[in-house]
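*Asks:* So the sequence lines, in the order shown, correspond to chains A and B. Sequential numbering from 1 applies to the first sequence in my numbering. Sequential numbering from 1001 applies to the second sequence in my numbering. No residue lacks a Cβ here, since even glycine has one placed at the ideal position from N, Cα and C. First the structure, then my questions, so here it is.
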Amino acid sequence: MSHHQLDARRLLCPMPVIRTQNKVQGLAPGDTLEVICTDPGAHHDIPAWCRIHGHHVLESRQQGHEWIITVQVGASAN
Amino acid sequence: MSTPRKAVALISGGLDSMLAAKTLLAQGVHVEGINFFTGFCVEGHTHAIRKKDQEKPKRNNALWVAEQIGIKLHIVDVVDEYKDVLLNPKHGYGSNMNPCLDCKGFMVKKAHEWMLAHGFDFIITGEVIGQRPMSQRKDTMPVIARESGALDRLLRPLCAKLLPPTLPEREGWVDRERLHDFSGRTRKPQMALAEQFGIAEYAQPAGGCCFLTDVSYSKKLVDLWTGRGTREYDFDDLMLLKVGRHLRPRPHFKLIVGREEGENRFMEGYRHQFTHFQTVSCPGPLVLADGGALSDDDLHLAAGLAARFSQGRDAAQVDVQVTDKTGVSRTLTVAPLSAGQIPAEWYV
Ligand code: SF4
Chain A
1 MSHHQLDARR LLCPMPVIRT QNKVQGLAPG DTLEVICTDP GAHHDIPAWC
51 RIHGHHVLES RQQGHEWIIT VQVGASAN
Chain B
1001 MSTPRKAVAL ISGGLDSMLA AKTLLAQGVH VEGINFFTGF CVEGHTHAIR
1051 KKDQEKPKRN NALWVAEQIG IKLHIVDVVD EYKDVLLNPK HGYGSNMNPC
1101 LDCKGFMVKK AHEWMLAHGF DFIITGEVIG QRPMSQRKDT MPVIARESGA
1151 LDRLLRPLCA KLLPPTLPER EGWVDRERLH DFSGRTRKPQ MALAEQFGIA
1201 EYAQPAGGCC FLTDVSYSKK LVDLWTGRGT REYDFDDLML LKVGRHLRPR
1251 PHFKLIVGRE EGENRFMEGY RHQFTHFQTV SCPGPLVLAD GGALSDDDLH
1301 LAAGLAARFS QGRDAAQVDV QVTDKTGVSR TLTVAPLSAG QIPAEWYV
């Protein structure tokens, strides 16, 4: 299990979701991905995308103008 | 029972594609959604930028639809490929810069490629005959099927009964009798079907599905091309067309003036790509200059405009810091332009 990071700052929705989706495609179940975004919409969209695809949001927190969302890749990835 | 056939559904986030997908789910077909991001989609962008809109809840409608009906959704970035659709539409434009018929053909073509790559059997869309003047007419339905290459693997569940049977119908993968015969601009049959499915909430986009159907956005896009003397654009251009006031005081440059804090912050991310202006003797917006080389006169004119939109608009003089693309700054002291000095034609 490995931990990864994705810088999605300054990207507007749905780009943070697209980047997350594309990154997760290369990860294994159990891996974690920390996504940093500035579009507040991402903190609705990334969890919604995770629910649909069976991934888990471990944490979603706001830090100043940034949102940091940690996703764990689900068992039946993608 | 044999394994269910697999359909990929074009999901826009609106009601029609939601109902089309739901219709096939009700027949036991395995459905996954696909959604294309062209860069022009009206998806929360301006909402995300403008500060006053940030408190409002927002969501990606396509994701929301997928979650409501319980399907996976694959979002595909087609920004680069879409350029050719927008710049060279074989079938022309609608009332604004919307190349709807070519756009539909392109999306179905991309869905068809995805279908082949992922071992799916056919494609469904929420198209309804007569719903849209340009792209959803009886005579355009076969055009989309043909030009996309999807041919009779393209099924429109909401109006299938009005069209010749497609492969999924002929093969018995879906029951044609349980598809629909919707046509025209009325929304009543869709609303009735939504009720039957227990769908109480859905997005009702006011215009089309993208900024290209918007008059003022289309004007700004055409102005961008005219100003550059070439119909080129990149992703950043598209984003910047969605923010700020746009003024073109001279043919070779235009100014983008932030209207509020959220826009200014968003534009800050782009300032290194442009000569930019910021009032320093009083609070004011960030102003980006997009265009060719700026003469001293141009710089003074732009600074005067930046001062006009600042809190120092009534002052005799305002200090404006000008920074070029290499990061070199200097301060110009200018008189703010009066309202009368800004002709209406400057506003794009
Ligand atoms: S409104 Fe925009 S996204 Fe929709 S079909 Fe027309 S060009 Fe394509």
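Mind checking Ala1206 (chain B): buried by the 16 CB within 10 Å criterion, or exposed?
*Replies:* For this step, residue 1206 (chain B) is matched to residue 206 along the second sequence. Interpretation of Ala1206 (chain B) is limited by its pLDDT of 48, a score under 50 that renders its predicted location unreliable; the figure taken from the coordinates is listed afterwards. With fewer than 16 other Cβ atoms within 10 Å, it is exposed.
*Asks:* Which residues count as close to the ligand NAD when the rule is a CB under 6 Å from any of its heavy atoms, in chain order?
*Replies:* You won't find the ligand NAD in this model; what it holds is the ligand SF4.
*Asks:* Based on the DSSP secondary-structure assignment, which residues constitute the bridge partners of Thr1275 (chain B)?
*Replies:* Position 275 of the second sequence, counting from 1, holds the residue named residue 1275 (chain B). For Thr1275 (chain B), which the question treats as bridged, DSSP gives the partners B:Ala1289.
*Asks:* Return helix, strand or coil for Ala1306 (chain B), following the three-state DSSP convention.
*Replies:* As a position in the second sequence, residue 1306 (chain B) is number 306, starting the count at 1. Helix at Ala1306 (chain B).
*Asks:* Please state the DSSP three-state secondary structure of Phe1197 (chain B).
*Replies:* The residue labelled residue 1197 (chain B) in the question sits at position 197 within the second sequence. DSSP places Phe1197 (chain B) in coil when its eight states are reduced to three.
*Asks:* Looking at the unbroken alpha helix (DSSP H) that takes in Ile1075 (chain B), where does it start and where does it end?
*Replies:* Counting from one through the second sequence, the residue named residue 1075 (chain B) turns up at place 75. Careful: Ile1075 (chain B) lies outside any alpha helix (DSSP H), inside the beta strand (DSSP E) at Leu1073 to Asp1077.
*Asks:* Helix or strand or just coil, what does DSSP make of Lys1325 (chain B)?
*Replies:* Along the second sequence, one-based indexing puts residue 1325 (chain B) at 325. Residue state, collapsed to three classes: coil.
*Asks:* As a quick exercise: from A:Asp7, A:Trp49 and A:His43, pick the residue whose alpha carbon is nearest that of Arg61 (chain A).
*Replies:* For this step, residue 61 (chain A) is matched to residue 61 along the first sequence. Ranking the options by Cα distance to Arg61 (chain A), first place goes to A:His43.
*Asks:* Give me the Cα-Cα distance between Arg1271 (chain B) and Val1320 (chain B), rounded to the nearest whole angstrom.
*Replies:* Translated into positions along the second sequence, residue 1271 (chain B) becomes position 271. Translated into positions along the second sequence, residue 1320 (chain B) becomes position 320. Each residue's Cα considered, the two are about 15 Å apart.
*Asks:* Does the beta-carbon distance from Asn1088 (chain B) to Ser1218 (chain B) come in below 7 Å?
*Replies:* Numbered from 1 along the second sequence, position 88 holds the residue referred to as residue 1088 (chain B). Numbered from 1 along the second sequence, position 218 holds the residue referred to as residue 1218 (chain B). It is not a contact, given that the beta carbons lie outside the stated cut-off.
*Asks:* Expressed to the nearest angstrom, what Euclidean distance is found between the alpha-carbon atoms of Pro40 (chain A) and Trp67 (chain A)?
*Replies:* By one-based count along the first sequence, residue 40 (chain A) stands at place 40. By one-based count along the first sequence, residue 67 (chain A) stands at place 67. Spanning the two alpha carbons is a distance of roughly 7 Å.
*Asks:* Looking at the strands, I want to know which residues DSSP matches up with Ser1183 (chain B).
*Replies:* Residue 1183 (chain B) sits at position 183 when you count from the first residue of the second sequence. Looking at the DSSP assignment, Ser1183 (chain B) forms a beta bridge with B:Ile1129.
*Asks:* Taking C-alpha atoms, which residue in B:Ile1129, B:Ile1069 and B:Pro1336 lies nearest to Ala1316 (chain B)?
*Replies:* Against the second sequence, residue 1316 (chain B) aligns to sequence position 316. Of the listed residues, the one whose Cα sits closest to Ala1316 (chain B) is B:Pro1336.
*Asks:* Which chain A residues sit within Cβ distance under 8 Å of Arg1059 (chain B)?
*Replies:* The residue given as residue 1059 (chain B) occupies position 59 in the second sequence. Those are Gly41, His44, Asp45 and Ala48, listed as they occur along chain A.
*Asks:* Is Thr985 (chain B) near Asp1324 (chain B), with beta carbons less than 7 Å apart?
*Replies:* Outside the modelled stretch of chain B, which goes from 1001 to 1348, sits residue 985 (chain B), for which no answer is possible.
*Asks:* Could you check what DSSP says for Glu1260 (chain B) in three-state terms: helix, strand or coil?
*Replies:* As a working note, residue 1260 (chain B) is residue 260 in the second sequence. Reduced to three states, the DSSP call for Glu1260 (chain B) is coil.
*Asks:* Give every residue of the same chain whose Cβ lies closer than 7 Å to the Cβ of Arg1185 (chain B), excluding the five residues on either side of it in the sequence, and list them in chain order.
*Replies:* Position 185 of the second sequence holds residue 1185 (chain B). Taken in chain order, the residues that qualify are Gly1130 and Gln1131.
*Asks:* With a cut-off of 7 Å, does the C-beta of Gly1269 (chain B) fall near any C-beta of chain A?
*Replies:* Counting from 1 along the second sequence, the entry for residue 1269 (chain B) is found at position 269. Yes, its Cβ sits closer than 7 Å to a Cβ of chain A.
*Asks:* How many angstroms separate the CA atom of Asp45 (chain A) from the CA atom of Thr20 (chain A)?
*Replies:* In the first sequence, the residue the question calls residue 45 (chain A) occupies position 45. In the first sequence, the residue the question calls residue 20 (chain A) occupies position 20. The straight-line gap from Cα to Cα measures roughly 11 Å.
*Asks:* Between the C-alpha atoms of Gln1027 (chain B) and Val1174 (chain B), what's the straight-line distance to the nearest angstrom?
*Replies:* The sequence position of residue 1027 (chain B) within the second sequence is 27, counting from 1. The sequence position of residue 1174 (chain B) within the second sequence is 174, counting from 1. Cα to Cα, the separation comes out at about 7 Å.
*Asks:* Buried or exposed, going by whether 16 or more other CB atoms sit within 10 Å of the CB of Tyr1347 (chain B)?
*Replies:* Stepping through the second sequence from its first residue, residue 1347 (chain B) is reached at position 347. It is exposed - the Cβ of Tyr1347 (chain B) has fewer than 16 other Cβ atoms within 10 Å.
*Asks:* Is the Cβ of Leu1212 (chain B) closer than 7 Å to any Cβ of chain A?
*Replies:* One-based indexing of the second sequence puts residue 1212 (chain B) at position 212. It does not: the Cβ of Leu1212 (chain B) has no partner Cβ on chain A nearer than 7 Å.
*Asks:* With a threshold of 8 Å on Cβ separation, who are the neighbours of Gln63 (chain A) within its own chain once the five nearest residues in sequence on each side are excluded?
*Replies:* Taking the first sequence and counting its residues from 1, the one referred to as residue 63 (chain A) is at position 63. If we look at Gln63 (chain A) and ignore the five residues flanking it on each side, it has no Cβ neighbours.
*Asks:* Would Lys1006 (chain B) pass as an interface residue toward chain A - the criterion being a Cβ-Cβ separation below 7 Å?
*Replies:* The residue labelled residue 1006 (chain B) in the question sits at position 6 within the second sequence. It does not; no Cβ of chain A falls within 7 Å.
*Asks:* Rounded to whole angstroms, what is the Cα-Cα separation between Thr1166 (chain B) and Ile1034 (chain B)?
*Replies:* Residue numbering aside, residue 1166 (chain B) sits at position 166 when the second sequence is read from its first letter. Residue numbering aside, residue 1034 (chain B) sits at position 34 when the second sequence is read from its first letter. C-alpha separation (whole angstroms): 21 Å.
*Asks:* Rounded to whole angstroms, how far is the Cβ of Ala1302 (chain B) from the Cβ of Leu1255 (chain B), which I believe are closer than 8 Å?
*Replies:* Walking along the second sequence from the start, residue 1302 (chain B) turns up at place 302. Walking along the second sequence from the start, residue 1255 (chain B) turns up at place 255. Yes, Ala1302 (chain B) and Leu1255 (chain B) are in contact; Cβ-Cβ is about 6 Å, under 8 Å.
*Asks:* Between Ile52 (chain A) and Ala8 (chain A), which are expected to be in contact by the criterion C-beta below 8 Å, what is the C-beta distance as a whole number of angstroms?
*Replies:* Position 52 of the first sequence, counting from 1, holds the residue named residue 52 (chain A). Position 8 of the first sequence, counting from 1, holds the residue named residue 8 (chain A). Contact flag wrong, Cβ pair sits at about 18 Å.
*Asks:* Should the segment 1012 to 1021 of chain B be regarded as contacting the segment 1147 to 1160 of chain B, the criterion being three or more beta carbon pairs within less than 8 Å?
*Replies:* The segment 1012 to 1021 of chain B is in contact with the segment 1147 to 1160 of chain B.
*Asks:* Measure the C-alpha to C-alpha separation of Gly1094 (chain B) and Thr1213 (chain B) and round it to an integer number of angstroms.
*Replies:* Reading the second sequence from its first residue, position 94 is the one you call residue 1094 (chain B). Reading the second sequence from its first residue, position 213 is the one you call residue 1213 (chain B). Using only the alpha carbons, I get a separation of about 8 Å.
*Asks:* Using the Cβ count rule (16 or more neighbours within 10 Å means buried), how would you classify Arg1005 (chain B)?
*Replies:* Against the second sequence, residue 1005 (chain B) aligns to sequence position 5. So Arg1005 (chain B) ends up on the buried side.
*Asks:* I need the DSSP call for Ile1011 (chain B), collapsed to helix, strand or coil.
*Replies:* Here residue 1011 (chain B) refers to the residue found at position 11 when the second sequence is read from its first residue. Three-state DSSP puts Ile1011 (chain B) in coil, outside helix and strand.
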